[in-house]
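Colleague: First the structure, then my questions, so here it is.
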Amino acid sequence: MPVELGYWSLRGLGEPCRLLLRYTETEWTDAAIPLSEGDMWFKEKKHNLGLDFPNLPYMLDGDVKLTQTLAIMRYLGRRFGLSPSEADMAKGDLLEQYLMEVRIGLSMVCYSSADQFEGKKAEFIGKLAGRVEELGKFVGAGPYVLGEKITYVDFLALEFLDNLAAFSPDHFKEGPLVDYVNRMKDLPALKKFYESDDCTHKSYSINSPMAQWPGWPKKE
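This is the structure:
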C-alpha cells in the first residue's frame, strides 16, 4: 500500500515531504486537497483518518499515521536511511529548527494584513542578508547541509531556500546557498521532477492565494 501524503494543493509546509518522497522514488499518493474543498477537510475528512492530532500535512504509511511536517520528515528519514549520522544529529536538529523558524517568519509576513504587509516585508528583508550569510557559512561547500551524506534536512533546506529566493531574488544571485540549491535540483530524481509536466512548482503557489504574497509559479 503506497504512502499517502495529504496537504493543500499548494507548496507550503507539505512540499519538503513531497520532495523527499520524489527523491526516494517510492510509491506514494499525493492527496492534494483543493482550497475550494476546505470545508470538506475541516468538517469530514480530518476526523476520519485516525490521526491523533488532525492537521495538514498528514501522512499515512500502513499503521503509521502522522501529522506535523517535522514528525513526517523525521519518520521518512528513518524509513529511507536519510537520517543524520549520530555525530551529525545535533547539527541536523539545530538546522531543521532554524529553517522552520525562518520559514514561519516568512509566512507571518505573507499572511499579514494588507495594511501591514509592506512594513513587515521590509523588516523581514532587512534581516535576510544576515540569515543568508549564517546559512551559507553553515552549508559551506556541502555537498549537502550536513556534509557528505544527504539527509531529510536537505529537503527542508531545498524547499525553504527556494521560497526565500522567490520572495527576495536579490539575496540569491550567487554564493554557497545558490550553489547548494542548484546541486540539489540536479539530483537525477529531482531533476526529472522539476523538468516534468507534473512539477507542482509550475502549478502550485508557495502560499495560499489568500496571502498578501502567494508566490505564484512562473508561467511557462
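Residue 175 in the working numbering is what sits at position 48 of the sequence shown, and the numbering runs on without skipping anything.
The beta-carbon is built from N, C-alpha and C at its ideal position, and this holds for glycine as well.
#1: Could you tell me how far apart the beta carbons of residue 307 and residue 266 are, in whole angstroms, since I believe they sit closer than 8 Å?
#2: Tell me, please, whether the region 273–282 touches the region 219–226 by the rule of three or more beta-carbon pairs shorter than 8 Å.
#3: Considering just the uninterrupted stretch of the alpha helix (DSSP H) at residue 276, what are its terminal residues?
#4: Can you give the beta carbon distance from residue 162 to residue 135, rounded, assuming they're within the 8 Å contact cut?
#5: I think residue 194 touches residue 143, with their Cβ atoms under 8 Å apart; what is that distance to the nearest whole Å?
#6: Could you compute how far the alpha carbon of residue 248 sits from the alpha carbon of residue 217?
#7: Which of helix, strand or coil does DSSP assign to residue 157?
#8: Considering only their Cβ atoms, is the gap separating residue 295 from residue 255 smaller than 7 Å?
#9: How many Å lie between residue 159 and residue 325 at the Cα?
#10: Could you give the DSSP three-state label for residue 216: helix, strand or coil?
#11: Taking DSSP as the reference, what is the three-state secondary structure of residue 168?
#12: Rounded to whole angstroms, what is the Cα-Cα separation between residue 347 and residue 329?
#13: Tell me the rounded alpha-carbon separation between residue 350 and residue 234.
Modeller: Looking at the coordinates:
#1: Mapped onto the sequence shown, residue 307 falls at position 180. Mapped onto the sequence shown, residue 266 falls at position 139. About 5 Å; that satisfies the 8 Å criterion.
#2: yes
#3: Numbered from its first residue, the sequence shown carries residue 276 at position 149. Residue 276 -> no alpha helix (DSSP H), and no H or E assigned at all.
#4: The count along the sequence shown starts at 1 and reaches residue 162 at position 35. The count along the sequence shown starts at 1 and reaches residue 135 at position 8. Right, the Cβ-Cβ distance comes to about 6 Å (below 8 Å), so this counts as a contact.
#5: In the sequence shown, the residue the question calls residue 194 occupies position 67. In the sequence shown, the residue the question calls residue 143 occupies position 16. Wrong, their Cβ atoms sit about 14 Å apart, outside the cutoff.
#6: Position 121 of the sequence shown, counting from 1, holds the residue named residue 248. Position 90 of the sequence shown, counting from 1, holds the residue named residue 217. When rounded, the distance between both Cα atoms is 32 Å.
#7: Counting from one through the sequence shown, the residue named residue 157 turns up at place 30. Correct three-state label for residue 157: strand.
#8: For the purposes of this step, residue 255 is taken as the residue at position 128 of the sequence shown. For the purposes of this step, residue 295 is taken as the residue at position 168 of the sequence shown. For residue 255 and residue 295, yes; Cβs fall inside 7 Å.
#9: Walking along the sequence shown from the start, residue 159 turns up at place 32. Walking along the sequence shown from the start, residue 325 turns up at place 198. For residue 159 and residue 325, the distance between alpha carbons rounds to 13 Å.
#10: By 1-based counting over the sequence shown, the position of residue 216 is 89. If DSSP states are grouped into helix, strand and coil, residue 216 belongs with the helices.
#11: Translated into positions along the sequence shown, residue 168 becomes position 41. Here residue 168 sits in helix by DSSP.
#12: Counting from one through the sequence shown, the residue named residue 347 turns up at place 220. Counting from one through the sequence shown, the residue named residue 329 turns up at place 202. Since pLDDT at residue 347 reaches only 45, below the 50 mark, its modelled position is unreliable, and the value read off the structure follows with that caveat. Their backbone Cα atoms lie some 8 Å apart in a straight line.
#13: Since the first residue of the chain shown is 128 and the last is 347, residue 350 is not available in this structure.
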